[in-house]
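Some notes on the structure that comes next.
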Amino acid sequence: MSLSQWHVCTACALVLATCSGSASEAAKTEAVRRLQADVYFLASDALEGRGTPSRGLDVAALYLETQLKISGVEPALRTSFRQTYKIGEYKPSEAATTIKIDGKLLSAKDYVLINIGRDPAQGPMDLEMVYAANGVVAEERNVNDYEGLDIRGKAVVVRKGAPWPPDPEQVFGPDRAMGKLMAATVRGAPLLVYLSKDLDTGSEAEAGFFREMKDAPVAFLREPGLGVPSALNPLLVLKPEALGADARQLKKGPLGKKIQISIEARVNEGLASNVLGKIPGRDPALREEWVVLSAHYDHLGSHSVPEGQDGIWNGADDNASGTAGVLEVARRLAQNPGKRSVLVFFTSGEDRGILGSAYYAAHPVVPMEKVAVQLNLDMIGRSQGKVEGIAACAPNLFQQTAEVGKKRGVEVIPDQHPTWRVVYLTDVYHFAKNGVPGIEFFTGVHPDYHQPSDTADKIRYEEMACIVDTAAELARAYADGRPKPAFIRPAWFLVP
Numbered sequence: 025m026s027l028s029q030w031h032v033c034t035a036c037a038l039v040l041a042t043c044s045g046s047a048s049e050a051a052k053t054e055a056v057r058r059l060q061a062d063v064y065f066l067a068s069d070a071l072e073g074r075g076t077p078s079r080g081l082d083v084a085a086l087y088l089e090t091q092l093k094i095s096g097v098e099p100a101l102r103t104s105f106r107q108t109y110k111i112g113e114y115k116p117s118e119a120a121t122t123i124k125i126d127g128k129l130l131s132a133k134d135y136v137l138i139n140i141g142r143d144p145a146q147g148p149m150d151l152e153m154v155y156a157a158n159g160v161v162a163e164e165r166n167v168n169d170y171e172g173l174d175i176r177g178k179a180v181v182v183r184k185g186a187p188w189p190p191d192p193e194q195v196f197g198p199d200r201a202m203g204k205l206m207a208a209t210v211r212g213a214p215l216l217v218y219l220s221k222d223l224d225t226g227s228e229a230e231a232g233f234f235r236e237m238k239d240a241p242v243a244f245l246r247e248p249g250l251g252v253p254s255a256l257n258p259l260l261v262l263k264p265e266a267l268g269a270d271a272r273q274l275k276k277g278p279l280g281k282k283i284q285i286s287i288e289a290r291v292n293e294g295l296a297s298n299v300l301g302k303i304p305g306r307d308p309a310l311r312e313e314w315v316v317l318s319a320h321y322d323h324l325g326s327h328s329v330p331e332g333q334d335g336i337w338n339g340a341d342d343n344a345s346g347t348a349g350v351l352e353v354a355r356r357l358a359q360n361p362g363k364r365s366v367l368v369f370f371t372s373g374e375d376r377g378i379l380g381s382a383y384y385a386a387h388p389v390v391p392m393e394k395v396a397v398q399l400n401l402d403m404i405g406r407s408q409g410k411v412e413g414i415a416a417c418a419p420n421l422f423q424q425t426a427e428v429g430k431k432r433g434v435e436v437i438p439d440q441h442p443t444w445r446v447v448y449l450t451d452v453y454h455f456a457k458n459g460v461p462g463i464e465f466f467t468g469v470h471p472d473y474h475q476p477s478d479t480a481d482k483i484r485y486e487e488m489a490c491i492v493d494t495a496a497e498l499a500r501a502y503a504d505g506r507p508k509p510a511f512i513r514p515a516w517f518l519v520p
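If you're matching positions, the sequence shown starts at 25 in the numbering used here and goes up one per residue.
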C-alpha cells in the first residue's frame, strides 16, 4: 500500500488544522479528515511498518511530537516529548541454545523454545520442575490446576488439553498454550514446559501463531532488573519422552527434576522512544492529578518476503487508528484544558511485548498514584457501530463509557473474550498493576490482524470518529473533575 499524491497533499494541508470540537456537521467532517490523514501517513509504506526499533518508528515519533506542538500540547519531559530506552534483540536461528534435564542434554528435535522477552544476559535458567496437570485456570468453570501448588521461581510442566474440548479456532483462552503460559507467569513461574509429542500446541490457529513467534527475533528491554515486561514468560514445547516420563502417569507436584537452559546469542542493540505530551490542568486543587490518554504507535515493521509479495506490515488498524484517535482527543483537550492535567502517551514496543509501557512503568513521568484514569485506544478502525470497552478492573467506568457512547452513536459492548485476559497483553497492564482504573477501546480482531493487508483504505473512518468522540467526551469529564472510578481487582488478576 503506497501513500498516493492525494493523501500526501491532504496530510500536509491537514497537519496544520486545528479542531473546533463543535458538534456541527462541518466539524465532524473535519475530524474525519484529520483522522484519515493521520492514519494514511502513519500506515504508509514510507514508515516501513513502524517496527521497534526502526527508522520508520522514529519518523512516526517526529510526526507525533510535531502534531502535539502544533496543537498546543507541551513536552512531558521538561523540554522533550521523548522517553528513550534501549532494546536488545537476537535471532533464535543464530543462537546457541543448550537445554538439559538433570544434566542430560536434550536434542534440538525434541523441543521448541520460545524465549519471550528474556535477555540472555540474565544468565542460564536452573529451575526445579513442578507438574500442574493441564495447567488450566478457569474460575467460571471452577477449575484451578494450581491450587495447592508452589510454583514461584520454578518451571511448571503441563500437558496439552483441558477437561473440556478446546475450541480449535482460538489462540487465547485458559485451555490454549498462551492461556496456560499466562496463568503460570502471573503466579511467578519463570518458565512453562508444555508437553506435546508432536511439538504442536493443539490447534492450527495456535500453531500458526507459535510458528510466527518461534522464528521471530526475540526482543527485550536492555535494563538490569526489569525482567520480562509482559505477563508471558518463556515457553518450552517439549516431547514427553524427553522428560523421561509418560505425561499420563505424572502426579501433580514436584517432579524431583531440574531443568537448565542457557542461550548464547549475538545481541543487537537499538533505541526506541515513547512519545509523551502534557496538558496542564487549570485547577490548583486538581492539577496534580492526571488523566492518561494512551495508544501504541508501533507495529511489526517490514520483513524479507519472496519477490512479488508485500513485505510491509502497515498496521493501519493496529494501531495507527488508536494513535490517530488519541492525537485527535489531545487536540480538543488542548484548546480548553480541564481541571486535571492530561498525559498524552504514545507507547512503542507494544507489538513486541509491551516494552514501552513496561519501561514507562519503571520510569513514570507522572506518579501512578496520581493517575485518576487511563483511556487506551488500541485498534479502533474496524467498527460497525460497536466497540468493546475492556475495563476488567473498573466496571463502573465501563457503564459510564457505554452511556457516553449511546449519545455519540456507538454501542459500547463488554469484552467479548473475557477469558483471554486481554489486560495482561496491552498497555493497560502496567497501569492496572499499579491500581490505575482504565478502559481499552477495541473494535476486534479481523483477518487482516498482524498481516500486510492491514491497510489504511480498510478503516471505517466515520465509525471511528464516533469512537473518538466517545473517548473525547469521557476524557473531558475526567479532566473536568469527575470522581476517580473505583479500581476493583478481579480474583484472576494476579501480579507476578
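Ideal placement from N, C-alpha and C gives every residue a C-beta, glycine not left out.
Just so you know, these numbers come straight off a predicted model, no measurement behind them.
| query | result |
| --- | --- |
| In chain order, each alpha helix (DSSP H) run of at least 4 residues that lies wholly inside the region 350-394 | 379-386 |
| Where Ala396 sits in the DSSP three-state scheme | strand |
| Paired residues, beta bridge with Trp314 - DSSP | Ser365, Val395 |
| Nearest residue (CA-CA) to Lys221, options Glu265, Ser407, Ser345, Ile378 | Glu265 |
| For Leu256 and Leu324, the rounded distance between their alpha carbons | 18 Å |
| Those runs of the alpha helix (DSSP H) which lie wholly inside the region 45-86 and span at least 4 residues | 49-66 |
| Spatially closest choice to Ala289 from Thr103, Lys482, Ser117, by CA coordinates | Ser117 |
| Distance between Val299 and Gly203 (C-alpha atoms, nearest Å) | 31 Å |
| Assigned secondary structure, Asp402 (DSSP; H/G/I helix, E/B strand, else coil) | coil |
| Residue nearest to Asp199 in terms of C-alpha spacing, selected from Ala179, Asp174, Leu215, Glu164 | Glu164 |
| Beta-carbon proximity of Gly377 to Gly141, cut-off 7 Å | yes |
| Distance, Leu130 Cα to Phe370 Cα | 43 Å |
| Pro148 versus Leu216 - alpha carbon distance | 15 Å |
| Exposed unless 16 or more other CB atoms sit within 10 angstroms - verdict on Trp444 | buried |
| Nonlocal neighbours in the same chain, by C-beta distance under 8 Å from Arg484, ignoring five residues either side | Gly405, Arg406, Ser407, Gln408 |
| Under the three-state DSSP convention, the category Pro461 falls into | coil |
| Complete alpha helix (DSSP H) runs within the region 411-453 (minimum length 4 residues, chain order) | 419-432 |
| As assigned by DSSP and simplified to three states, the class of Ile94 | helix |
| Three-state secondary structure assigned by DSSP to Arg500 | helix |
| Neighbourhood of Ala415 by C-beta distance below 6 Å, restricted to the same chain and skipping five residues each side | Leu421, Phe422, Ile463 |
| Proximal residues to Glu152 (C-beta, below 6 Å), its chain only, five neighbours per side dropped | Lys178, Lys282 |
| Beta strand (DSSP E) segment containing Thr103, residue limits | It is not in any beta strand (DSSP E) - Thr103 carries neither H nor E in the DSSP assignment. |
| Closest by C-alpha distance to Leu250, when choosing among Gln194, Tyr109, Glu89 | Tyr109 |
| Contact belief for Arg74 with Tyr321 at Cβ below 8 Å, rounded distance in angstroms | 7 Å |
| For Leu399 and Gln60, the rounded distance between their alpha carbons | 21 Å |
| Cβ-based neighbour list, Asp514, same chain, cut-off 8 Å, excluding 5 preceding and 5 following | The amino acid at residue 514 is misidentified as Asp; the sequence shows Pro. Excluding residues within five positions, the ones whose Cβ falls inside 8 Å are Ala416, Cys417. |
| Distance, Asp69 Cα to Leu267 Cα | 47 Å |
| 3-residue-minimum beta strand (DSSP E) runs that sit fully inside the region 124-148, ordered along the chain | 135-138 |
| For Lys115, three-class secondary structure by DSSP | coil |
| Outcome for Lys275 when other beta-carbon atoms lying within 10 angstroms are tallied against a minimum of 16 | exposed |
| Beta-carbon spacing of Leu351, Gln91 below 7 Å | yes |
| Opening and closing residue of the alpha helix (DSSP H) in which Pro264 lies | 264-267 |
| Range of the contiguous beta strand (DSSP E) that encloses Val519 | Here Val519 belongs to no beta strand (DSSP E), and DSSP marks it neither H nor E. |
| Cβ contact check for the region 348-362 and the region 487-504: 3 or more pairs under 8 Å | yes |
| For Ile491, the three-state DSSP class (helix, strand or coil) | helix |
| Per DSSP, cross-strand counterpart(s) of Ser286 | Thr122 |
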